[in-house]
Amino acid sequence: MTIVGFIAALIAPITPLGAHLLVALIKPFAFWITAIAEWIARFPVFTLRTGLYGFVTALILIALLVWGRRKAAAALLVLILAFTWLQRFPAGDWQIANCDIGQGDALVLNLHNQRAIVIDVGPDPELIDRCLHKLGVKEIPLLILTHSHADHVGGLSGAKKRRTIGQTWYGNMYAGTTAQIGEYHITVHWPDGDGYSPNNSSIATTIRSKDFTLFAAGDLEPLAQERLVGKIGEVDIYKVSHHGSRYQDFQLLTELSPQLAIISVGAENTFGHPAPEVLTALERTGARVLRTDRDGAVAVHATAHRITVQRAKRWTRLFSWY
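Have a look at this one:
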């Protein structure tokens, strides 16, 4: 087909009609190839990790090809492709995603059309860029940086990479501020204007839609949390403050009574996060607890306050989808 196209280009100055006829002959084949390419493009692209499982899988593929076992190699590739498709993360209907960025916070709310609200960007530019790329985010109309600690703002350059950012809330928001962005109504509950430590100066917000209410409060600790008791009410989803540290106001936690509690925390961190007593308290409220050190990234879909969750479990990370 390429040769026919080349010939058509050569003869076009001499006989345009002949060139047109040649192009017409190959057009159905070109259309077929384009359709196949577009279909394949919808599959999640996968790359083998450099970990043990990825290394072993690569060796098996190479060995099968070297030994002439092409059918076996093809079968293995088909299984890999099927596995990545079935485990695709996140599903297309996600509304909230909590990135797995180690010991830090990065929460994303889907505005659709490659747009999202982002609350904190974690400590590592590469990790937040990778997460936002996987989520398909190219525009951030609102970026909320809850406070100044590196595990919440260190990844800022990665969030900006190849993306446009609209408003940024950082150290300039106070209780009572509201905004409507897309389907989400955002209310700032904290800080109240007084001087506090960085943790207790965190921007605390509720985000409401017709399908869910989310409360996120950075690293807010008991001194500030207790001031919010009686002001928030029940929520569907709670992004647990300060990575689930033991510094929590349990009265506020009981008031929130979330269906889902998300703890963004690094594996084997040295801070003791999340604290056992916090996990126990969350379970007593009836919350389902997900934590990024065990569950990986988390994606949430809600319909009329009924929540479904998708987890990027660690055992699925033989592959990564970008």
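Just so we're aligned: 113 in my numbering is position 72 of the sequence shown, and the numbers increase by one with no gaps anywhere. Glycine is no exception: its CB is placed at the ideal position from the N, C-alpha and C atoms.
- Query: Between Pro-131 and His-190, is the Cβ-Cβ spacing less than 8 angstroms?
  - Reply: Counting from one through the sequence shown, the residue named residue 131 turns up at place 90. Counting from one through the sequence shown, the residue named residue 190 turns up at place 149. No. Outside cutoff.
- [ ] Can you give me the Cβ contacts of Thr-228 inside the same chain, cut-off strictly under 7 angstroms, excluding the 5 residues immediately before and after it?
- [x] The residue labelled residue 228 in the question sits at position 187 within the sequence shown. Excluding sequence neighbours, Thr-228 sits near Thr-219, Thr-246, Thr-247.
Original post:
Going by beta carbon distance, what residues of the same chain come within less than 6 angstroms of Leu-197, once the five residues before and after it are set aside?
Top reply: As a first step, residue 197 must be located in the sequence shown, where it is residue number 156. So the qualifying residues of the chain are Val-162.
- Compare the beta carbon distance of Pro-232 and Tyr-215 with 8 angstroms and say whether it is the shorter of the two. On the sequence shown, residue 232 is found 191 positions in, with the first residue counted as 1. On the sequence shown, residue 215 is found 174 positions in, with the first residue counted as 1. Yes, Cβ-Cβ distance for Pro-232 and Tyr-215 is below 8 angstroms.
The beta strand (DSSP E) that contains Val-339, what's its start and end?
In the sequence shown, the residue the question calls residue 339 occupies position 298. That run of the beta strand (DSSP E) goes 339-344.
Is Arg-203 helix, strand or coil when you go by DSSP? Stepping through the sequence shown from its first residue, residue 203 is reached at position 162. Here Arg-203 sits in coil by DSSP.
Margin query: Once the 5 residues before and after Leu-173 are set aside, which same chain residues still bring their CB inside 6 angstroms of it?
Written below: Taking the sequence shown and counting its residues from 1, one reaches residue 173 at position 132. Result list for Leu-173: empty, nothing under 6 angstroms.
*Out of Val-159, Leu-331, Ser-282, Gln-300, point me to the one whose CA is closest to Asp-252's CA.*
Locating residue 252 in the sequence shown gives position 211, counting from the first residue. The shortest Cα separation from Asp-252 among Val-159, Leu-331, Ser-282, Gln-300 belongs to Gln-300.
### Message
Quick check: Ala-343 and Asp-235, are their CB atoms within less than 8 angstroms of each other?
### Response
Against the sequence shown, residue 343 aligns to sequence position 302. Against the sequence shown, residue 235 aligns to sequence position 194. No, they are not a contact pair.
*Measure the CB-CB distance between His-230 and Leu-269 and report whether it falls below 8 angstroms.*
Reading the sequence shown from its first residue, position 189 is the one you call residue 230. Reading the sequence shown from its first residue, position 228 is the one you call residue 269. In contact: His-230 and Leu-269 (Cβ atoms closer than 8 angstroms).
Query raised in the report: For Ser-298, which of Thr-321, Phe-312, Pro-315 has the nearest alpha-carbon?
Result: As a working mapping, residue 298 is identified with position 257 in the sequence shown. The shortest Cα separation from Ser-298 among Thr-321, Phe-312, Pro-315 belongs to Thr-321.
Please report the straight-line C-alpha distance between Leu-255 and Ile-303, rounded to a whole angstrom.
Residue 255 sits at position 214 when you count from the first residue of the sequence shown. Residue 303 sits at position 262 when you count from the first residue of the sequence shown. Whole-angstrom Cα-Cα distance: 11 angstroms.
### Cβ separation of Val-194 and Leu-186, assumed to be a contact under 8 angstroms, to the nearest whole Å
Here residue 194 corresponds to residue number 153 of the sequence shown, with the count starting at 1. Here residue 186 corresponds to residue number 145 of the sequence shown, with the count starting at 1. Sure, about 5 angstroms apart at Cβ, within 8 angstroms.
* Asked: Tyr-279 bridges to which residues according to DSSP?
  -> As a working mapping, residue 279 is identified with position 238 in the sequence shown. Tyr-279 is bridged to Phe-256, Ala-302.
Who are the near neighbours of His-314 in its chain, counting only those whose CB is closer than 7 angstroms to its CB and skipping five residues on each side? Against the sequence shown, residue 314 aligns to sequence position 273. Taken in chain order, the residues that qualify are His-284, Gly-285, Ser-286, Val-306.
message = Using the three-state DSSP reduction, which class does Pro-317 fall into: helix, strand or coil?
response = Indexing the sequence shown from 1 puts residue 317 at position 276. Helix, per DSSP.
Taking the alpha helix (DSSP H) that Ala-191 belongs to, which residues open and close that run? On the sequence shown, residue 191 is found 150 positions in, with the first residue counted as 1. Note, Ala-191: alpha helix (DSSP H), 191-194.
Inter-residue Cα distance where the pair is Glu-262 and Arg-156 | The residue you call residue 262 lines up with position 221 of the sequence shown. The residue you call residue 156 lines up with position 115 of the sequence shown. Looking at the two C-alpha atoms, the distance is approximately 31 angstroms.
When the Cα atoms are used, what is the spatial distance from Asp-141 to Gly-217? Taking the first residue of the sequence shown as position 1, residue 141 is located at position 100. Taking the first residue of the sequence shown as position 1, residue 217 is located at position 176. Rounded to whole angstroms, Asp-141 to Gly-217 spans 31 angstroms at the Cα level.
inquiry  = Alpha carbons only, please: which of Asp-170, Tyr-288, Ala-353 is nearest the one belonging to Lys-201?
reply    = Here residue 201 refers to the residue found at position 160 of the sequence shown. Nearest C-alpha to Lys-201: Asp-170.
Handout entry: Own chain partners of Gly-133 with C-beta closer than 7 angstroms, once the 5 adjacent residues on each side are dropped
Key = For the purposes of this step, residue 133 is taken as the residue at position 92 of the sequence shown. Excluding positions up to five away in sequence, the list is empty.
Exercise for review: Run the CB neighbour count on Glu-79, radius 10 Å, all protein chains shown included, and call it buried at 16 or more, exposed below.
Suggested key: Taking the first residue of the sequence shown as position 1, residue 79 is located at position 38. A caution first: Glu-79 carries a pLDDT of 48, below 50, which makes its placement in the model unreliable, though a value can still be read off. Exposed, by the Cβ-count rule.
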